[in-house]
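A.B. asks: Using the working numbering, read the sequence shown as starting at 8 and increasing by one per residue.
For each residue, glycine too, the CB sits at the ideal point set by N, CA and C.
Because the structure is a prediction, the values reported are computed rather than measured.
This structure is in structure tokens; I'll ask about it shortly.
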Amino acid sequence: MKGLRVIELSEALNVDSSDLLAVCAILKCNASSRLSMLTFEECKKISDYYERNS
8 MKGLRVIELS EALNVDSSDL LAVCAILKCN ASSRLSMLTF EECKKISDYY ERNS
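Laid out in structure tokens, this is it:
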């Protein structure tokens, strides 16, 4: 398995997928839509971002 889709990660983190896409842009992750695949490394980076900024 490669990772998670943006929509799956947004559901897991309980955030809106459009907000998560904005965070992807900030962190320079390659995600352009809700169905974009994220690697596990990108998922970790995004999760850490939300932890630090919550």
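(1) Where does the unbroken beta strand (DSSP E) through leucine 34 begin, and where does it stop?
(2) Excluding the five sequence neighbours on either side, which residues of its own chain have a C-beta within less than 8 Å of the C-beta of isoleucine 33, listed in chain order?
(3) Could you tell me if serine 61 is buried or exposed, where buried requires 16 or more neighbouring beta carbons within 10 angstroms of its beta carbon?
(4) Give me the Cα-Cα distance between cysteine 36 and aspartate 26, rounded to the nearest whole angstrom.
(5) Can you tell me where the beta strand (DSSP E) holding arginine 12 begins and where it ends?
C.D. replies: Taking the structure as given:
(1) Position 27 of the sequence shown, counted from the start, is the residue given in the question as residue 34. No beta strand (DSSP E) holds leucine 34; DSSP gives it neither H nor E.
(2) On the sequence shown, position 26 is the one that residue 33 refers to. Once the five neighbours on either side are set aside, the close Cβ partners of isoleucine 33 are Tyr56.
(3) Counting from one through the sequence shown, the residue named residue 61 turns up at place 54. Exposed.
(4) Looking up residue 36 in the sequence shown gives position 29. Looking up residue 26 in the sequence shown gives position 19. So the two alpha carbons sit approximately 13 Å from each other.
(5) For the purposes of this step, residue 12 is taken as residue 5 along the sequence shown, with counting starting at 1. Its beta strand (DSSP E) spans residues 10–12.
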